[in-house]
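**Q**
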Amino acid sequence: MNPLLLRGMTQPRTRRDVFRLAGASAAGLALAACGVQGQKAAPPKADAVADYWASQKKNGKVVFANWPEYMPEDKGPLEKFKQDTGIAYEYKEVIQENAEFFGKADPVLRAGQSLGYDIVVMTNGIQLQHMIELGYVVPLDHAKLPNFQANAGQKYKERSYDPGNKYTVPYTSGVTGIAYNTEFVKEEITSIESLFDPKYKGRVGMMADAQEIANFGMIALGIAPEKSTEADWRKAGEKLKAQSDAGIVRKYYDQSYIDAVSKGDVWLTMAWSGDVFQRQLAGEPVKFVVPAEGGTIWTDNMLIPKGAANPVDALMLMDYLYQPAVAAELDEYIQYVTPVPAVEELLREKAKTAKGEDKKALEDMVKSPLMFPSEADYAKLHNYTQLTTQQEQVFNPIFQSITQA
């Protein structure tokens with residue numbers, strides 16, 4: 001089989017595994033809960049941020065902590081960075097779950113110690129919010145991010161969870177929408193209401209993650225999750241409970257939903273864009289759609305943790321990944337949504353000179369809204385609800401009482 005296709009069918013599945021479901025497991029919940037004991041830190045003053053960066057220097061080394069299978073196997077982008085800057089790197093695939101990582105990092109950072117990493121990648125959501133609020137993330141010096149300023153899409157400079165990219169810059173993004181098996185579903189799915197349609201009783205998959213399912217419950221009611229209130233959460237909970245009580249939902253899934261919809265165990269399901277794209281490359285009869293009412297966009301973000309030994313080198317690498325050619329190499333492997341719009345044209349040009357199956361795979365990437373959403377798709381995408389620690393104690397039980405019943 002074409003190595004490009006084989007790579008695509010196997011690697012993102014590892015990245016977006018059950019590990020991503022922060023709070024889905026008892027262990028994850030326990031770790032997350034024990035990690036919010038510190039006091040909320042006051043936002044750093046501009047002078048203090050400037051003084052911090054003025055006191056730092058390039059050390060010639062960077063330690064990058066990331067998720068599994070989130071960098072080409074040959075470490076091409078990192079090797080080019082080393083050649084161009086003289087900065088050596090250590091790349092560690094040590095992040096398996098946001099909640100687990102935060103649970104381990106919190107006592108170390110709270111004690112004023114270093115994690116031993118200069119760059120960490122975390123998904124927007126509860127744990128990243130805690131990292132920022134507790135003062136565990138170094139504010140970025142945007143004067144040292146010229147490639148980000150020049151090449152990042154405007155949408156990736158306007159993230160509700162980190163206004164102005166004060167603490168983070170995106171690594172990659174994905175979309176939560178609906179996947180359906182075209183062998184069993186003959187109509188074109190366009191509405192989120194299809195997930196609540198009694199005619200699909202016992203053939204609908206929903207996600208087990210509280211934030212994911214909450215978003216879809218609220219979107220189905222016309223509520224923007226980013227602006228939602230406790231009353232909105234309860235309304236969404238009622239709609240989702242009615243769906244469950246009616247027997248419409250076959251199962252609340254972790255990553256295994258993609259196998260279920262591909263095999264026809266469920267006919268339509270909540271889904272992550274990258275997973276569906278891999279199955280499409282493999283020729284499986286699954287289609288992905290962002291519902292007319294909207295979907296969810298999530299982003300994995302690079303940040304510099306407090307106490308990092310090499311923050312200047314880290315910032316240089318973060319910015320280096322925003323060079324279009326480097327971003328294209330990265331996205332060709334990851335096959336999610338890149339924050340660098342120029343990547344689309346670079347892959348299109350590469351496809352023109354590619355041969356055989358490689359050419360077809362690259363052409364499929366460029367045409368896929370799962371890697372390059374349209375402006376209409378972006379306009380319908382929502383972020384997760386931002387929650388305080390107190391709000392979590394209300395929010396999580398509303399939706400976990402449905403998914404874990």
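Each step along the sequence shown adds one to the number in UniProt numbering, with nothing skipped, and position 198 is 198.
Don't be surprised by glycine CBs; every beta carbon is placed ideally from N, CA and C.
#1: Cα separation between I95 and T176?
#2: Using CA atoms only, rank isn't needed, just tell me which of N396, T388, F399 is closest to K40.
#3: Just mark V137 as buried or exposed, buried being the case when its beta carbon has 16 or more other beta carbons within 10 Å.
#4: One question on the structure: do P305 and V120 come within less than 7 Å of each other, judged by their Cβ atoms?
#5: I'd like to know if the stretch 368 to 388 and the stretch 216 to 235 are in contact, where contact means that at least 3 CB-CB pairs between them fall below 8 Å.
#6: Regarding N66 and the ligand COA, is the C-beta to nearest heavy atom distance less than 6 Å?
#7: Going by DSSP in three states, K360 sits in which element: helix, strand or coil?
#8: Give the list of continuous alpha helix (DSSP H) stretches no shorter than 4 residues that lie fully inside the stretch 183 to 252.
#9: In angstroms, rounded to a whole number, what distance separates the CA positions of K75 and K241?
#10: In chain order, which beta strand (DSSP E) runs of at least 3 residues are fully inside the stretch 105 to 134?
#11: When the distance is taken between beta carbons, is I189 closer than 7 Å to Y180?
#12: Going along the chain, which residues of its own chain have a beta-carbon closer than 8 Å to the beta-carbon of residue 407, five neighbours each way excluded?
#13: By the DSSP assignment, the beta strand (DSSP E) with T269 in it spans what residues?
#14: Residue range of the beta strand (DSSP E) that A351 falls in?
#15: Ignore the nearest five residues each way along the sequence and tell me which others in V359's own chain have a CB closer than 7 Å to its CB.
#16: Tell me whether R250 is buried or exposed, calling it buried when 16 or more other Cβ atoms sit within 10 Å of its Cβ.
#17: Along the chain, which unbroken stretches of the beta strand (DSSP E) at least 3 residues long are found entirely within the stretch 140 to 172?
#18: Quick check: the Cα distance between S244 and T269, rounded to an integer number of angstroms?
#19: Helix or strand or just coil, what does DSSP make of L31?
#20: What does DSSP give as the partner residue(s) for N181 in the beta ladder?
#21: Taking the beta carbon of D51 as the centre, do at least 16 other beta carbons fall within 10 Å, making it buried, or is it exposed?
#22: If we count the other Cβ atoms within 10 Å of its Cβ and call it buried at 16 or more, is residue 475 buried or exposed?
#23: Could you work out which residue in Q149, W267, G174 is closest to D197 when comparing CA atoms only?
#24: Identify which residue in D118, V62, Q127, L140 has its Cα closest to the Cα of E100.
#25: What's the gap between the Cα of M207 and the Cα of N66?
#26: In the structure shown, what three-state DSSP assignment does T388 receive?
#27: Where does I398 fall in DSSP's three states?
#28: In this structure, does DSSP put F277 in helix, strand or coil?
#29: Leaving out the 5 sequence neighbours to the left and right, which residues in its chain are closer than 7 Å to I398 when beta-carbon positions are compared?
#30: Could you tell me the boundaries of the alpha helix (DSSP H) in which T338 lies?
#31: Going by C-alpha distance, which of E293, V204, T85, A361 is nearest I223?
#32: So for P305, helix, strand or coil by DSSP?
#33: Less than 7 Å between the C-beta atoms of V204 and I132, yes or no?
#34: State buried or exposed for G174, treating a residue as buried only when at least 16 other CB atoms are found within 10 Å of its CB.
#35: In terms of residues, what are the limits of the beta strand (DSSP E) holding V63?
#36: Answer with buried or exposed for T299, where buried requires no fewer than 16 other C-beta atoms within 10 angstroms of its C-beta.
**A** The short version:
#1: 21 Å
#2: T388
#3: buried
#4: yes
#5: yes
#6: Judged by which ligands are present, the structure shown has none, so any question about the ligand COA falls away.
#7: helix
#8: 210 to 220, 230 to 245
#9: 46 Å
#10: 119 to 123
#11: yes
#12: A question about residue 407 goes unanswered here, because the residues of the chain that appear run from 1 up to 405.
#13: 268 to 272
#14: Run containing A351: none in the beta strand (DSSP E); it sits in the alpha helix (DSSP H), 343 to 353.
#15: The sequence as given places Lys at residue 359; Val does not occur at that position. Once the five neighbours on either side are set aside, the close Cβ partners of K359 are A351.
#16: buried
#17: none
#18: 14 Å
#19: Low per-residue confidence applies at L31: pLDDT is 39, beneath 50, and the placement is therefore not dependable, though the value from the model is reported in the following sentence. Reduced to three states, the DSSP call for L31 is helix.
#20: V286
#21: exposed
#22: Because the chain is modelled from 1 through 405, residue 475 falls outside the range shown and cannot be assessed.
#23: W267
#24: Q127
#25: 24 Å
#26: coil
#27: helix
#28: helix
#29: W233, R234, G237
#30: From DSSP, T338 is part of no alpha helix (DSSP H); its letter is neither H nor E.
#31: E293
#32: strand
#33: no
#34: buried
#35: 61 to 66
#36: buried
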